[in-house]
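Take a look at the structure below.
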């Protein structure tokens, strides 16, 4: 988009603040570790871990779509780049983590 | 936007369906493959964590140091490293942005700052590795290959405390299993914390070490580490090492590009697209770190 490349730099600093605030939230949560988030289990892990993963994906989205400019590329390019990893990576993780749990069950 | 298609006529080229240059497209394709490589590494790390959920080391017991500060400061140092990398990403976008505007002086400024950020990150990582390799608590490896630690009643202590030496005096220490057992016999308030974080009594500890103990592990190497399961150290060295190597090569490429900018190569070429392509790579390195940070230090 022309307006983001030729005009001011305000959007760069906006993304910077978002990334910084999200990271700060992660670090603060990681240090204080609120009890109810640690003790609540959800989908095989602590609720706190789910929060970390969601915040990480938020940061990743801002880096890819804004800093790497993918959000402003033509739609065909954007999806050509995004779809293969978005299918393959969750698939690979599902297999590896399931196998990890199975390997644990074999040791007992 | 030239998307007019005439049917019944073969495509003779000339159109750019993606509206992106060859170089930029290839950089994106490379980054997809690299993203899959890193996913495989982090996925196998996840495999081990799911395989050893109880005896996996707790990150905030491992990464607790901050330069020039004493005591435990979990997460602070990696938070600083994350900040450095985000900051260098911002300076990179600014360089790309001024490249679009053909402002050579500002490109030089922001590109230089990005390189400084890259070196700062590499320096931090070297410090982090140094600490990881040296270790500061020591541990004992066992026949079942699970790592047990020295404790004082129900508080984590260290092999150095038990042996009454300074772990950071710069000399190379070496202890045998029998040294540790003898010391445990004379110091009844010391004992063992097992791999799944339960505490044995002093007499149980001595019996356990006589039957199961194999060697005293100080620090970390590719064979074993004092923090816990062997795979933890191997994953740490491999994943942060592979990422650090990406940062290192990124810095080298940035320096080459900076020299070209100063020489006016892109000014003559009429566009600064090369800065943009290297920028993509640099942001990708930042992107990977975001995930390494979460899965190694937070989760």
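Residue numbers (this note's numbering), protein chains in the order written: chain A, 809 to 916; chain B, 167 to 465.
The beta-carbon is built from N, C-alpha and C at its ideal position, and this holds for glycine as well.
Rounded to the nearest whole angstrom, the C-alpha separation of residue 329 of chain B and residue 349 of chain B is 7 Å.
Scanning its chain for C-beta atoms nearer than 7 Å, with the 5 sequence neighbours on each side dropped, one finds around residue 360 of chain B the residues 314 and 366, in chain order. Note that the C-beta distance between residue 233 of chain B and residue 293 of chain B is below 8 Å. Annotated as distal: residue 843 of chain A and residue 216 of chain B, with beta-carbon spacing of 8 Å or more.
Counting only runs of 4+ residues, the alpha helix (DSSP H) found wholly inside the segment 200 to 283 of chain B occupies 225 to 228 and 242 to 266, in chain order. In the structure shown, residue 449 of chain B falls within a helical segment according to DSSP collapsed to helix, strand and coil. Between residue 211 of chain B and residue 405 of chain B, the gap from beta carbon to beta carbon is short of 8 Å.
Proximity of the segment 251 to 268 of chain B to the segment 819 to 833 of chain A meets the contact definition, three or more beta-carbon pairs being nearer than 8 Å. The shortest C-alpha to C-alpha distance from residue 298 of chain B to any of B:270, B:400, B:371 and B:236 is the one to B:400.
In this chain, residue 395 of chain B is not harboured by any alpha helix (DSSP H), its DSSP state being neither H nor E.
About 5 Å separates the Cβ atoms of residue 213 of chain B and residue 904 of chain A, confirming a contact at the 8 Å cut-off. Residue-level contact by beta carbon holds for residue 263 of chain B and chain A, with a gap shorter than 8 Å.
No Cβ of chain B is located within less than 8 Å of the beta carbon of residue 850 of chain A. Those residues of the segment 225 to 239 of chain B placed with their C-beta closer than 8 Å to a C-beta in chain A are 226, ordered along the chain.
Among the residues facing chain B, residue 842 of chain A is not included, as its CB has no counterpart in that chain under 8 Å away. Looking at the DSSP output, residue 317 of chain B sits in a beta bridge with B:322 and B:357.
Residue contact check for residue 212 of chain B against chain A: a CB pair falls below 8 Å.
Under a 10 Å Cβ-count criterion, residue 225 of chain B is classified as buried, with 16 or more other Cβ atoms of the shown protein chains found around its own Cβ. In terms of beta-carbon proximity, residue 449 of chain B lines the interface with chain A, with at least one pair separated by less than 8 Å.
Secondary structure note for residue 881 of chain A: it is in no alpha helix (DSSP H), with a DSSP letter that is neither H nor E.
At a cut-off of 8 Å, the C-beta of residue 872 of chain A has a neighbouring C-beta in chain B. Each residue's CA atom was taken as its position, placing residue 196 of chain B and residue 229 of chain B some 32 Å apart.
Here residue 237 of chain B is actually not in contact with residue 257 of chain B; their C-beta atoms are around 33 Å apart, not less than 8 Å. Between residue 209 of chain B and chain A, the shortest Cβ-Cβ separation is below 8 Å. Burial state of residue 344 of chain B is exposed, judged by a 10 Å Cβ sphere holding fewer than 16 other Cβ atoms. Comparing alpha-carbon positions, the option among B:363, B:362, B:248 and B:241 lying closest to residue 837 of chain A turns out to be B:241. Residue contact check for residue 901 of chain A against chain B: a CB pair falls below 8 Å. Proximity of residue 867 of chain A to chain B, defined by a Cβ-Cβ separation below 8 Å, is satisfied. Sequence-distant Cβ neighbours of residue 318 of chain B in its own chain, meaning closer than 8 Å and more than five residues away, are 327, 355, 356 and 357.
Chain order gives the chain A residues near residue 453 of chain B as 867, 868, 871, 872, 875 and 876, where near means a beta carbon separation below 9 Å.
Proximity to residue 817 of chain A across B:440, B:209, B:272 and B:287 peaks at B:272, based on C-alpha coordinates.
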